[in-house]
Each structure stands twice: as C-alpha cells, then as structure tokens.
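Remarks on the structure that follows.
Numbering (my numbering), first residue to last: 8 to 427.
So, in structure tokens, the structure goes:
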C-alpha cells in the first residue's frame, strides 16, 4: 500500500549501502520506495553528518550543494545520488591509498624572514594559515593563493606558540617581557597583553573560556578567559623540575610535559595534581591528549602512547633519528615531525594493538624539509608543517595529479610561493 510508503521509507533509511543495494533488487515496489524516498541522498547526508572525512570531501568536491534541501524538488533525482555514492567511495579509497603510499601534491611557502630564519608554530583552517616566526613576527597567509595577507608585529622575541579561533589570536614569545598577546583575528589589533611568566612562554592552549600556558620558568598558568580583554589568572601549577614544553587539556585533565622527562596530569576543575607518567629517557618536547590517550614525543627520539587513567605506557614507537618536536593524532593516524627533518605517518589503531609487529606501525616517512621540523597540523586530506628551513609545506593527499598515482612518493613538480 502506497499509504504506508512513509513507514517503509523510515525503515529502509536505516540501511547501509550494501543493504540498500540488496533491497533495490527485492521487487519493483521496494525499488520505487527507495527512489521516491531519496534514500541514497539520505544515506549520503547521514554519512556527511557523522563522518568528518565525508563532510570535508563534500565541501572540497562541491557535492554538498546538493544535500540537505528542504524540498525533494530542490535537487537532482535519486539516480544522481545512486551514482554519486560509489564515486565517493572511490574517492575515499584513493585518499587512503595516497596516505599509505605517500603520494601527495606538495606546495611550499618560502617565508623569507628578515633576520633569524625559522617557523616555530602554525595553525590553519580552510581559508588561512597563521604562523609564528623566529623573526618575532606573525604572518597570515591565504590558504588558496599562498600570498601573505598580513604581518603582525609587536613581540621583541621569537613567536614560539599560537592558537586562534573566530575572534582572537593568542601568541606566546621568548621576548624579554614574556608576553602572551591577544590579537583581533580580523584586524590584527592588539586587544590584551598578559605578563606573568618569568621566562619564555613555550606553549599555550585555550578552549571554552579556559587558557593554559607553560614556560621555561617550569610553571603552568591556568587562566579564565571571560572575553579577550578580561583574562584573569586562576592558578599556577608547579611540580616540574625543568622547562614545561607543552600543555593540553579537556574538561577532565590538564596534561603537561617537561624537560624533566615526565608528563604530569592535573585536575582541570580543581587544578590539583593527579599523577605522573614516567618512561621517557630524556626530555619531552611535545604531546597531544584526547579522551584516554596521550601521545608524546621526546629527545630520546621515541614516541610513547599512554593511558591517562592508569598511567600505563601502551606502546613505544621508534624510527626518528633525532628529537621528536611535534606530534598530532586523529582516529586513524599519528603524524610526527622531528629534528631529523622527517615527518612520519603511523597507524594509530595498529599501535594500540599489542599484537601488531613494530615493523608495521610506520606507514610512511615524508622527506622534503631541509631543516628541523618544528610544528605540524593535519586533517583527513593534508599535512601542513613548518621548519627551521624557513618554509611552510602543504602536503595534499586529495588533489594528487594522475601522473603521480602510480608513484610511491610526491610528484617531482612542486610549487613555490614567495612572500612579498
């Protein structure tokens, strides 16, 4: 009965792609319900809502314009989405293959620093890259044209760390006043200057009204951010015996790592000390924390994975030949950069499996920087990295030229953009 179509549509809308294909073959009535109900469109929309890879791909490939229409007549017919689905799957398989094989398109920004060369920190979004340089400046780049849009000056020392959101950029420096400067992200105007640490500010993180900073002075400062102009010191955390190189936090824990070889865990709500993670043989330069997992990199050349709740080291990754300076992970991969000039891509799920052989964990080593790798960030489609060689590199695993698809490294042709 056609009067029950809406019930059938609702039931069939829970099917995955394989089951939906099978349902189409049951009978003409089911095929009609699937077609008139636009169930292939709804399946794609469900994937875009729940999977960052699908969402990013929809925006980059342009088929997001055909989704989430209020009326069925606003878009293409069901057959369009029926044929689009396997193309999306093919695109995803190609991206995954490019990551595994190291195939990428490489773009290079030559920062052309005036005096001291080196790009210590960066962050990016779809429109821009913001970088902190050894020459004391912050440079904002157009992510498409790679032209330098704006240069922010004010620090009298190297810009060692930064983070921005839709309103502000917060930067930390090695300058003599040891400042964290808050800038308007749109105008570049200085909104606030915070003076607290006695030595260089090495790292900072802010989120949901809370900011945590750390310093060469061995301390961690916890700040309440009511607004860009109303930032007050809540608590100072002490306990490390050397410079605190990096911090990260969520609603439950603040995590810090130091040159004293330890990672310390603190309660975010009370700022009380919780536990110490011991294992690295030398100072720790970088870490990321999410859910129960902490991933850290050290001057002992190793990467360690930790369970924050029990303090256990889950895995040690070996392969870098010098200090591991920067590290990031998502649900699939760990990406690390080191003073050996190399970027390594690791299989996170395999690393968490104690049965997986160590030889299978490093998926690919990327070598293009001619100096130490200072910072990197990545998503499903790209890595963006910065180095002592005064460059920012964009490693694109989505838009790889067809000529490079049979290669196992980047295409030989790269593009160099010189800032003016």
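C-beta: ideal position from N, C-alpha, C; glycine also.
Rounded to whole angstroms, the gap between the alpha carbons of residue 344 and residue 306 is 12 Å. With fewer than 16 other beta carbons inside 10 angstroms of its own, residue 297 counts as exposed. Look at residue 276 here: in three-state DSSP terms it is coil, with no helix or strand label. For residue 290, the three-state secondary structure derived from DSSP is coil.
CA-to-CA, the gap between residue 213 and residue 68 works out to about 32 Å.
Taking 8 Å as the upper bound for CB-CB distance, residue 60 and residue 99 are in contact here, some 6 Å apart. Fewer than three beta-carbon pairs drawn from the segment 205-212 and the segment 236-245 are found closer than 8 Å, and the two stretches are therefore not classed as touching. Per the C-alpha coordinates, the member of 204, 194, 75 positioned closest to residue 186 is 204. Out of 384, 144, 371, 408, the CA that lies nearest to the CA of residue 326 is found in 371.
Secondary structure note for residue 12: its alpha helix (DSSP H) is the uninterrupted segment 12-19.
When only Cα atoms are considered, residue 408 and residue 177 end up about 37 Å apart. In this chain, the beta strand (DSSP E) harbouring residue 336 covers 331-336. Pairing residue 322 with residue 330 gives a Cβ-Cβ distance that is not under 7 Å. When 398, 216, 395, 390 are compared, the shortest CA-CA separation from residue 404 is found for 390. With 16 or more neighbouring CB atoms inside 10 Å of its own CB, residue 112 falls in the buried class. Inter-residue distance for residue 399 and residue 379 is about 12 Å (C-alpha atoms, whole angstroms). Unbroken beta strand (DSSP E) stretches of 3 residues or longer found wholly inside the segment 194-239: 197-202, 208-214, 217-222, 227-234, given in chain order.
With 16 or more neighbouring CB atoms inside 10 Å of its own CB, residue 375 falls in the buried class. DSSP, reduced to helix, strand and coil, places residue 368 outside both helices and strands of the structure shown, so it counts as coil. When DSSP states are grouped into helix, strand and coil, residue 131 belongs to the strand group.
Residue 30 is bridged by DSSP to nothing; it lacks a bridge partner.
Every beta strand (DSSP E) stretch that sits fully inside the segment 346-393 and reaches 3 residues is listed by chain position as 349-354, 369-374, 380-385. Straight across, the Cα-Cα distance linking residue 224 with residue 54 is about 47 Å. Measuring C-alpha to C-alpha distances from residue 275 to each of 310, 335, 252, 228 identifies 228 as the nearest. Here the C-alpha atom of residue 304 lies approximately 30 Å from the C-alpha atom of residue 159.
The three-state secondary structure of residue 63, taken from DSSP, is helix. Pairing residue 350 with residue 295 gives a Cβ-Cβ distance that is not under 7 Å. Taking residue 121 as reference, the option from 153, 128, 101, 143 with the minimal CA-CA separation is 143.
Between residue 221 and residue 175, the CB-CB gap reaches or exceeds 7 Å.
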